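Here is the structure we will look at, set down as structure tokens.
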Amino acid sequence: GQSLEQPSEVTAVEGAIVQMNCTYQTSGFYGLSWYQQHDGGAPTFLSYNALDGLEETGRFSSFLSRSDSYGYLLLQELQMKDSASYFCAASGNTPLVFGKGTRLSVIA
Amino acid sequence: EAGVAQSPRYKIIEKRQSVAFWCNPISGHATLYWYQQILGQGPKLLIQFQNNGVVDDSQLPKDRFSAERLKGVDSTLKIQPAKLEDSAVYLCASSLVGWSTASEAFFGQGTRLTVV
Chain U
1 GQSLEQPSEV
11 TAVEGAIVQM
21 NCTYQTSGFY
31 GLSWYQQHDG
41 GAPTFLSYNA
51 LDGLEETGRF
61 SSFLSRSDSY
71 GYLLLQELQM
81 KDSASYFCAA
91 SGNTPLVFGK
101 GTRLSVIA
Chain X
109 EAGVAQSPRY
119 KIIEKRQSVA
129 FWCNPISGHA
139 TLYWYQQILG
149 QGPKLLIQFQ
159 NNGVVDDSQL
169 PKDRFSAERL
179 KGVDSTLKIQ
189 PAKLEDSAVY
199 LCASSLVGWS
209 TASEAFFGQG
219 TRLTVV
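From first to last, the protein sequence lines are chains U and X.
Take the first sequence: its position 78, counting from 1, is numbered 78 in our numbering, and each next residue is one higher.
Residues are numbered in our numbering as their position in the second sequence, beginning at 1, plus a constant of 108.
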């Protein structure tokens, strides 16, 4: 099976940078995805890492270390609209499993 | 392209009643997922289909939940009889590639079920 651990909450200031971590335990791991979910909305895909290293998409970057079973999502130039829950999800030889999510609050 | 369609958006039922949810995935997506999301928690996988075959249903409470995906396209999820703890948002998602290498799943807006 698979399990993922994420901090439950993080607060950051508008314009700053925030890092949200994810550690996983899994068998047959293929890759780590990140999803954003606003209150009352559907999860939306942000990024996916299959290989070690950093993937950058605009203000969002995601990192994976397969040897450490660890990844993180980095958000730069935080905006108020980034306030949401962020989930990591692992894919492998078991179906896509989500962590419990980190609730990000961006304050002025 | 059209997204994942789900209906209804909201449903309120009494405990012990039955309810069904419908999902139409993105055209051409072979993999379809049903997730249960309780308020404040991450989505929990209930069942995953690859075309019209079940890949994983290990967390589906089979005494009360059932799901089918006829002809490998639309899917329905049924609860019979419902319990108070079934109150949650039921999310349907689909992805293009096979489950072992799925990198992006597209989610519908979900059905918010309240059992009273």
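Glycine included, each C-beta is placed from N, C-alpha and C at the ideal position.
This structure is a prediction, so every number in the text was calculated from the model and none was measured.
Any idea what DSSP makes of residue i, helix, strand or coil?
i: V180 (chain X); result: At residue 180 (chain X) the sequence reads Gly, which differs from the Val that was named. If DSSP states are grouped into helix, strand and coil, G180 (chain X) belongs with the helices.
i: K119 (chain X); result: strand
i: K81 (chain U); result: helix
i: D68 (chain U); result: coil
i: L51 (chain U); result: coil
i: E14 (chain U); result: coil
i: D194 (chain X); result: helix
i: D164 (chain X); result: strand
i: K100 (chain U); result: coil
i: R59 (chain U); result: coil
i: I134 (chain X); result: coil
i: G148 (chain X); result: coil
i: A90 (chain U); result: strand
With a threshold of 8 Å between beta-carbons, can residue i be considered close to chain U, or not?
i: L153 (chain X); result: yes
i: G216 (chain X); result: yes
i: G150 (chain X); result: yes
i: L140 (chain X); result: no
i: L185 (chain X); result: no
Is the distance from the Cβ of residue i to the Cβ of residue j below 8 Å?
i: Q145 (chain X); j: V197 (chain X); result: yes
i: S23 (chain U); j: Y70 (chain U); result: Correcting the residue type first, residue 23 (chain U) is Thr in the shown sequence and not Ser. It is a contact, given that the beta carbons lie within the stated cut-off.
i: V97 (chain U); j: Q2 (chain U); result: yes
i: F29 (chain U); j: G99 (chain U); result: no
Under 8 Å, Cβ to Cβ, is there at least one residue of chain X near residue i?
i: S27 (chain U); result: no
i: L104 (chain U); result: no
i: L75 (chain U); result: no
i: S3 (chain U); result: no
i: P7 (chain U); result: no
i: S67 (chain U); result: no
i: G101 (chain U); result: yes
Taking C-beta pairs closer than 8 Å, name the residues in chain B that residue i reaches, listed in chain order.
i: E212 (chain X); result: Among the protein chains in the structure shown, which are U and X, there is no chain B.
Handout entry: Within 8 Å of chain U by C-beta, residues of the region 160-180 of chain X in sequence order
Key = V163 and D164
Handout entry: Under 8 Å (Cβ pairs) to chain X, residues found in the region 39-63 of chain U
Key = G41, A42, P43, T44, F45, Y48 and A50
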